[in-house]
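Going by the working numbering, the sequence shown opens with residue 257, and the numbers climb by one from there. Just so you know, even glycine gets a beta-carbon here, dropped at the ideal spot from N, CA and C. This one's a predicted model, so the numbers in the text were calculated from it and none came from an experiment.
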Amino acid sequence: MQDYIIAPSILSADLARLGAEAEAVLGAGADFIHVDVMDNHYVPNLTFGPVIVKALRDYGITATIDTHLMVKPVDALIPEFARAGSSYITFHPEASEHIDRTLQLIRDQGCKAGLVFNPATPLDYLKHTIEKIDMVLLMSVNPGFGGQSFIHSALAKLREARAFIDASGCDVRLEIDGGIKVDNIAEVAAAGADTFVAGSAIFGSNDYAATIAAMRQQLAT
Ligand code: DX5
Ligand code: ZN
């Protein structure tokens, strides 16, 4: 049985009630909390700093916090997010001058490291980094906003990433982010994803538990 992870993105949560929202999705069956960090420079939107991760930890959230950095430059923020309580820290290779150094920095801070690929970014960056990676995150939308439509070319790219990861023999999660819903989660799982970010599909629904259960049911078919 495949170990599937569902990671709601708090970007679509009611941010005035963030702690309660995180607790609610975890109570409803989610595994990770996905935190989208946007800097109005690498992406055209502005969201969360390390204080938000710290606030979630102080509130009592003990689940894995999956921190997706859409920032440039990256390195100075890594110790800050690690100290705040991030579990995974992922970044976009275009946003780092020295990708290997940034990956090492994340692990040196005691976190799991990952690279994020935009829809048009080739997977070549994996070739010399796979042994320093715990997560490959494929974007199925252009980063910056929740609620966008799934870009179909991500399916072929998932298959390519899955084949590369399996051939490497490394223990690496394959995460998909953007436009994931109950009605396409089975298709992205079949293409090789094992970790699913969903923002609007979960937080935009009336019943988080029913939505997550419907996703898991799709994954079981
Ligand atoms: C986009 C973010 C996503 C986003 C997903 O830049 O990385 O995590 O919140 O939102 P949905 O699931 O609504 O596409
Ligand atoms: Zn994200």
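Check your understanding: Per DSSP, alanine 369 is paired with what?
Key -> In the sequence shown, the residue the question calls residue 369 occupies position 113. Under DSSP, alanine 369 shares a beta bridge with Ile345.
Review point. Closer than 5 Å from C-beta to any heavy atom of the ligand ZN: which residues, in chain order?
Key: For the ligand ZN, residues qualifying as neighbours are Asp292, His324, Asp433, where qualification means a beta carbon closer than 5 Å to at least one of its heavy atoms (chain order).
Practice item. Using 10 angstroms around the beta-carbon of proline 495, count the other beta-carbons present and answer buried if the total reaches 16, otherwise exposed. Key: This structure cannot settle anything about residue 495, because the visible part of the chain is limited to 257 through 477.
Practice item. Flag this pair as yes or no: are the beta carbons of glycine 434 and methionine 395 separated by less than 8 Å? Key: On the sequence shown, residue 434 is found 178 positions in, with the first residue counted as 1. On the sequence shown, residue 395 is found 139 positions in, with the first residue counted as 1. With contacts defined as CB atoms closer than 8 Å, glycine 434 and methionine 395 qualify as a contacting pair.
Practice item. Indicate whether glycine 448 and alanine 417 have their beta-carbon atoms separated by less than 8 Å. Key: If you number the sequence shown from 1, residue 448 lands on position 192. If you number the sequence shown from 1, residue 417 lands on position 161. Contact annotation: glycine 448 and alanine 417 have beta-carbon atoms nearer than 8 Å.
Check your understanding: With which residues is aspartate 292 paired in a DSSP beta bridge?
Key -> Here residue 292 refers to the residue found at position 36 when the sequence shown is read from its first residue. Residue pairing for aspartate 292: DSSP places it in a beta bridge opposite His324.
Review point. Taking 7 Å as the cut-off, does the CB of leucine 267 come closer than this to any heavy atom belonging to the ligand DX5?
Key: Here residue 267 is taken as the residue at index 11 of the sequence shown, counted from 1. Yes, the beta carbon of leucine 267 sits closer than 7 Å to at least one heavy atom of the ligand DX5.
Check your understanding: Looking at C-alpha atoms only, which residue of Asp331, Lys310, Ala410 is the closest neighbour of proline 378?
Key -> As a position in the sequence shown, residue 378 is number 122, starting the count at 1. Ranking the options by Cα distance to proline 378, first place goes to Ala410.
Check your understanding: Do you know offhand how far alanine 319's Cα is from isoleucine 345's?
Key -> Stepping through the sequence shown from its first residue, residue 319 is reached at position 63. Stepping through the sequence shown from its first residue, residue 345 is reached at position 89. Distance between the alpha carbons of alanine 319 and isoleucine 345 is about 14 Å.
Check your understanding: For glycine 341 versus lysine 383, is the C-beta spacing smaller than 8 Å?
Key -> Here residue 341 refers to the residue found at position 85 when the sequence shown is read from its first residue. Here residue 383 refers to the residue found at position 127 when the sequence shown is read from its first residue. Between glycine 341 and lysine 383, the gap from beta carbon to beta carbon reaches 8 Å or more.
Practice item. Inspect the beta-carbon positions of histidine 324 and leucine 393 and report whether they are closer than 8 Å. Key: To locate residue 324, count along the sequence shown from 1; it is residue 68. To locate residue 393, count along the sequence shown from 1; it is residue 137. Their beta carbons are under 8 Å apart, which means histidine 324 touches leucine 393 by this criterion.
Check your understanding: When the Cα of aspartate 322 is compared with those of Arg357, Ala278, His354, Asp439, which residue comes out closest?
Key -> Counting from 1 along the sequence shown, the entry for residue 322 is found at position 66. Per the C-alpha coordinates, the member of Arg357, Ala278, His354, Asp439 positioned closest to aspartate 322 is Ala278.
Review point. Per DSSP, which one or two residues make a beta bridge with methionine 395?
Key: In the sequence shown, the residue the question calls residue 395 occupies position 139. Note: methionine 395 sits in a beta bridge opposite Asp433.
Exercise for review: State yes or no: is the C-beta of alanine 457 nearer than 7 Å to some heavy atom of the ligand DX5?
Suggested key: Mapped onto the sequence shown, residue 457 falls at position 201. Yes, Cβ of alanine 457 sits closer than 7 Å to a heavy atom of the ligand DX5.
Practice item. Specify, as a first and last residue, the run of the beta strand (DSSP E) that valine 299 falls within. Key: Within the sequence shown, residue 299 is the residue found at index 43, counting from 1. Per DSSP, valine 299 belongs to no beta strand (DSSP E) and is neither H nor E.
Check your understanding: To the nearest angstrom, how far is it from the Cα of alanine 469 to the Cα of aspartate 439?
Key -> As a position in the sequence shown, residue 469 is number 213, starting the count at 1. As a position in the sequence shown, residue 439 is number 183, starting the count at 1. Alanine 469 and aspartate 439 have their alpha carbons spaced roughly 13 Å apart.
Check your understanding: Going by the beta-carbon positions, is the gap between glycine 370 and glycine 455 smaller than 8 Å?
Key -> If you number the sequence shown from 1, residue 370 lands on position 114. If you number the sequence shown from 1, residue 455 lands on position 199. Contact: no.
Check your understanding: Any heavy atom of the ligand ATP within a distance shorter than 7 Å of the CB on alanine 445?
Key -> Summarising the ligand content, the structure contains the ligand DX5 and the ligand ZN and does not contain the ligand ATP.
Point to revise | Between the CA atoms of histidine 354 and proline 329 - distance to the nearest angstrom | key: Locating residue 329 in the sequence shown gives position 73, where the first residue counts as 1. Locating residue 354 in the sequence shown gives position 98, where the first residue counts as 1. Linking proline 329 to histidine 354 through their CA atoms gives a straight-line distance of about 10 Å.
Practice item. Can you tell me which of Tyr315, Pro335, Ser343 puts its alpha carbon nearest to the alpha carbon of alanine 276? Key: Reading the sequence shown from its first residue, position 20 is the one you call residue 276. Of the listed residues, the one whose Cα sits closest to alanine 276 is Tyr315.
Review point. So what does DSSP say about proline 264, is it helix, strand or coil?
Key: Counting from 1 along the sequence shown, the entry for residue 264 is found at position 8. Three-state result, proline 264: strand.
**Study point:** Reduced DSSP secondary structure (H/G/I, E/B, other) of threonine 318
**Key:** By 1-based counting over the sequence shown, the position of residue 318 is 62. When secondary structure is reduced to three states using DSSP, threonine 318 falls in the coil class, being assigned neither helix nor strand.
Point to revise | histidine 348 CB to nearest heavy atom of the ligand DX5 below 7 Å | key: Along the sequence shown, one-based indexing puts residue 348 at 92. Checking the Cβ of histidine 348 against the ligand DX5 gives no.
Review point. Exposed or buried, valine 299, counting other C-beta atoms within 10 Å across all chains shown (16 or more means buried)?
Key: As a first step, residue 299 is located in the sequence shown; it is residue number 43 there, counting from the start. Classification of valine 299: buried, given that the 10 Å Cβ count is 16 or more.
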